[in-house]
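Residue numbers (our numbering), protein chains in the order written: chain A, 9 to 415; chain U, 9 to 415. Just so it is clear, CB atoms sit at the ideal spot from N, CA and C, and this is done for glycine as well. Remember, it's a predicted structure, so these values are computed and weren't measured experimentally. Take a look at the structure below.
Number of protein chains: 2
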Amino acid sequence: VTGGRAAHLPYGVVRLPGGPVPAVRDGDRAIDLRALAGAGLLPGGGWAEAPDLGRLLAAGPDVWAEVDAALQALVLDGRLPAGAVHRLADLPPPLLPVTPGDYVDFYSSEHHAATVGRLFRPDDPDPLVPAWRQLPIGYHGRAGSVVASGTDVVRPAGHRPPAAPGGAPDVGPTRELDFELELAFLTGGPPTAPGDVLSAAEAEARIFGVVLLDDWSARDLQRHEYRPLGPFLGKSFLTSVACWVTPLAALEAARVPAPRQDPPPAPHLRAAGGWTLDLTLEVVLRPAGADPADDDGSVVARTSSADVYWTMPQQLVHAASNGAVVRPGDLWATGTISGPEAGTQGCLLEATQGGVRPVRAGAAERTWLEDGDTVVLRGHGPAVGGGRLELAPVAGTVRPARGGASG
Amino acid sequence: VTGGRAAHLPYGVVRLPGGPVPAVRDGDRAIDLRALAGAGLLPGGGWAEAPDLGRLLAAGPDVWAEVDAALQALVLDGRLPAGAVHRLADLPPPLLPVTPGDYVDFYSSEHHAATVGRLFRPDDPDPLVPAWRQLPIGYHGRAGSVVASGTDVVRPAGHRPPAAPGGAPDVGPTRELDFELELAFLTGGPPTAPGDVLSAAEAEARIFGVVLLDDWSARDLQRHEYRPLGPFLGKSFLTSVACWVTPLAALEAARVPAPRQDPPPAPHLRAAGGWTLDLTLEVVLRPAGADPADDDGSVVARTSSADVYWTMPQQLVHAASNGAVVRPGDLWATGTISGPEAGTQGCLLEATQGGVRPVRAGAAERTWLEDGDTVVLRGHGPAVGGGRLELAPVAGTVRPARGGASG
């Protein structure tokens, strides 16, 4: 390692005997930030006393930079107190890094939006609505249903479209359960006041770091309910995020110029363009019945975040441009990331052309997810100082429906 | 007062010299619940130590009933310790009763949904989408932008529809600022786990109480952005709620049979029908320049909550029927409540037929809200034991745009 930067140190929350504490992961070890702050080895301010990353996020970018620099030095110099270091294998699974205030899901991958537009609105000559290239289309998801990687995905029930147009709905467990491959960021700094807006620089400074995110979706429920107010129960049952947040500072080497935008967006959005992240993202599917001990699953999609049309700062500038309140711990996701070719599509809706052409996962075929299937999202990119860094994965296993809506 | 029930005692949060405390309002007095709990006069459990109603909501219906009964007895018997009672006029304005976890806005008034459907989709033969009578259509709003009554409404900026179809968007402050007259409820009890569903009885038991809610809307921004994911910046800039929550227990006399539903909904929703609340709701508009000292404003709409198509328990059962997590402090609103006739419509979009026919407010005319206008939502209904009770009002004054999106 050169340039004063240690291995990738993503932030999360681990459970110690005394309760949950903020931590960073260093390979197979977790470093207890509360212990380090208590020993005077990290900047103070009380953020490390919180049971999650909420107060660190609220502390804002100056504190993030100080904490990051102090951690880098401690790890590089081998000066970590033994009591602050734990083997991850000895701890229970990590918790959600922070309970999100609001969760916004954008729709910023052009190939995804165009393909879904064609599938959901086959009679519409323009699969992208006119506003799509003018502003980052998005909606609010259910913050309370955001869970940590590893949480089971209970198959949701609801109203499926009627067999014939105008018929009675068909109520029961979804038949079209899907994953969505997404990258998300967490914001920090003090809450804005109602009516405040953010400049491009202010927005960028509020981005703490990124996580992989799986926005599980029930396509039949979504198709039946989404007009005119957007997705609701088709999405709100569960959204899984990775347990370790990679700080933006660790992704300097992954920055690339953002895609060209035509037509050029309005000035406040144009100012927030510039860079995006080029990360390789993968979806791994391990079908029901496969033994995790000897089947790691099959890669069913591999794509890049580099051609997501709207950048993270643009998404945040847009969302705040009407004076909406931005709070520390808010979660902002790209929407499904897809490329144009087969094998680059980040959800089954696209990969199977609406459930028509199955994809292959080892010996199995899938149009939609089946009970017992496990989906893992992975990501990697160039590390500062050379080599690659891996984003923390996000995984979930589908479990049978438990009741709820019934016909 | 007969039957052992005192005046209406709604719950909120007042600011005392030592900080915010849970309180109830008794006419022009606030009663400090932390002081009463500290003196052993209310059930314990630590909920009164919280700076808002969050822990009282989490404590669930058994505690709510005990607290309510104890308060009723203390007020009826005149046994309140003097130190626990404050004149509201001597205190700063109350705070938001609770920071909502998630905020869901339904679309449950049939007249509203049909009128808006005709205005937004004039070429569609069916203004109500087919799913509308099958399930309570709704979407997630921005919880972070929920504020207490009295907060200023800064005019939001954003992308207005182009002058001609296919043209460049027109970016700047909204020209179509609107109010929305809504009734909302707050839920409590412990958080559900992902995958849990709620029975009709479980859902009903989780409803703590109701508040008036104004879902401020920028119709031009909303019209341009809402396809296909629903309203986002057209709504997310601000949502105002009343400062005092009327517990459901105080509204027993306002219960009426719910509207007949044709076709009958699926069994889990049918079971949650039964009753609804018959409250008279009003919108008062005081135009810019009017002196609050001698102009209380004009009633520009008066309607009833009794014909909202989907009941509160149905809304909650539906939202949880896919296993979504329900948390204490979640906020659930009806959507705009409108009747069919002129003068009964709960937003300007409807009342002005899309900005075409102005409404009159005293000497002024309005198609949309202007800077300086004040909107107050009021409500009243029958009280237990006779007489009427007034819901706490929700008010906001429009202030000029501050920047943000610009063309």
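Can you say whether A400 (chain U) is buried or exposed, counting buried as having 16 or more other CB atoms within 10 angstroms of its CB?
buried
Is it buried or exposed for A90 (chain A), if we count other Cβ within 10 angstroms and need 16 for buried?
By the neighbour-count rule (16 or more Cβ atoms within 10 Å), A90 (chain A) is not buried but exposed.
Considering just the uninterrupted stretch of the beta strand (DSSP E) at R214 (chain A), what are its terminal residues?
Here R214 (chain A) belongs to no beta strand (DSSP E), and DSSP marks it neither H nor E.
Give me the residue from U:S116, U:T382, U:A262 and U:R23 with the minimum Cα distance to P390 (chain U).
U:A262
Suppose the cutoff is 7 Å on Cβ atoms and the five residues either side in sequence are ignored; what does the same chain contact list for L99 (chain U) look like?
Its chain contains V22, R23 and A38 as the residues whose beta carbon lies nearer than 7 Å to that of L99 (chain U), once the 5 sequence neighbours on both sides are disregarded; these appear in chain order.
State the Cα-Cα distance for the pair P265 (chain A) and L96 (chain A), rounded to the nearest angstrom.
Taking the straight line joining both Cα atoms gives about 36 Å.
Count the other C-beta atoms from every protein chain shown that fall within 10 angstroms of the C-beta of L397 (chain U), then say buried if there are 16 or more, exposed otherwise.
buried
Is it buried or exposed for G35 (chain U), if we count other Cβ within 10 angstroms and need 16 for buried?
exposed
Using 8 Å as the limit for Cβ to Cβ distance, is P142 (chain U) near chain A?
Contrary to the premise, residue 142 (chain U) reads as Gln rather than Pro in this sequence. Q142 (chain U) counts as touching chain A.
Under 8 Å between beta-carbons, which chain A residues line up against S157 (chain U)? List them in chain order, please.
None at all; the shortest Cβ gap to chain A is about 13 Å.
Name, in chain order, the residues that DSSP records as bridge partners for E190 (chain A).
Under DSSP, E190 (chain A) shares a beta bridge with A:L221.
Using a cut-off of 9 Å between C-beta atoms, extract the partners of G27 (chain A) located in chain U.
In chain order: nothing, as chain U lies at least about 18 Å away.
Measuring only the C-alpha atoms, how far is P130 (chain U) from E57 (chain A)?
56 Å
Express the C-alpha separation of A176 (chain U) and A379 (chain U) in angstroms, rounding to a whole number.
The question names Ala, yet the displayed sequence has Asp at residue 379 (chain U). Those two C-alpha atoms are separated by around 27 Å.
Please name the residues in the region 219-238 of chain U whose beta-carbon is closer than 9 Å to at least one beta-carbon of chain A, in chain order.
If the cut-off is 9 Å between Cβ atoms, the region 219-238 of chain U has A226, L229, H232, E233, Y234, R235, P236, L237 and G238 near chain A.
I'd like to confirm the pairing. Which residues does DSSP put opposite A372 (chain U) in its beta bridges?
U:A369
If you reduce the DSSP assignment to three classes, tell me which class G46 (chain A) lands in.
Reduced to three states, the DSSP call for G46 (chain A) is helix.
Which residues does DSSP pair with D315 (chain A) in a beta bridge?
Answer by DSSP bridge pairing: none, since D315 (chain A) is not bridged.
Which of the three DSSP states, helix, strand or coil, is assigned to G38 (chain U)?
What sits at residue 38 (chain U) in the sequence shown is Ala, not Gly. Of the three classes helix, strand and coil, the one that applies to A38 (chain U) here is strand, per DSSP.
Between G337 (chain A) and P255 (chain A), what straight-line distance do the alpha-carbon atoms span, to the nearest angstrom?
Rounded to whole angstroms, G337 (chain A) and P255 (chain A) show a C-alpha spacing of 14 Å.
Could you spell out where the beta strand (DSSP E) holding L24 (chain A) opens and where it closes?
For L24 (chain A), the enclosing beta strand (DSSP E) covers residues Y19 to L24.
Under 9 Å between beta-carbons, which chain A residues line up against V406 (chain U)? List them in chain order, please.
Going along chain A, no residue has its Cβ under 9 Å from V406 (chain U), so there is no contact; the nearest lies around 11 Å.
Mind checking L259 (chain U): buried by the 16 CB within 10 Å criterion, or exposed?
buried
Would you say A332 (chain U) faces chain A, with C-beta separation under 8 Å as the test?
yes
Output yes or no for whether 8 Å exceeds the beta carbon distance between W376 (chain U) and G363 (chain U).
yes
In this structure, how does DSSP classify H326 (chain A) when only helix, strand and coil are distinguished?
helix
For the region 237-262 of chain U, enumerate the residues whose C-beta is nearer than 7 Å to any C-beta of chain A, in chain order.
The region 237-262 of chain U vs chain A, Cβ under 7 Å: L237, G238, P239, F240, L241, S244, F245 and L246.
Measure the C-alpha to C-alpha separation of D132 (chain U) and P108 (chain U) and round it to an integer number of angstroms.
36 Å
Under a CB-based cut-off of 8 Å, is A78 (chain A) close to chain U?
When Cβ-Cβ separations below 8 Å define contact, A78 (chain A) makes no contact with chain U.
List, in chain order, every chain A residue whose beta-carbon is nearer than 9 Å to that of F187 (chain U).
None at all; the shortest Cβ gap to chain A is about 16 Å.
In three-state DSSP terms, what is H6 (chain A)?
One cannot answer for residue 6 (chain A) here, as it falls past the ends of chain A, which runs 9 to 415.
Which word fits G11 (chain U), buried or exposed, when buried means at least 16 other C-beta atoms lie within 10 angstroms of its C-beta?
Below a pLDDT of 50, predicted positions are generally treated as unreliable, and G11 (chain U), at 47, falls in that range; the measurement from the model is reported next regardless. The residue is exposed, with fewer than 16 neighbouring Cβ atoms inside 10 Å.
Identify the contact partners of D110 (chain U) in chain A, using a Cβ-Cβ distance below 7 Å as the criterion.
R150, A151 and G152
Which residue's Cα is closest to the Cα of L285 (chain U): U:F245, U:R374, U:A314 and U:G305?
U:A314
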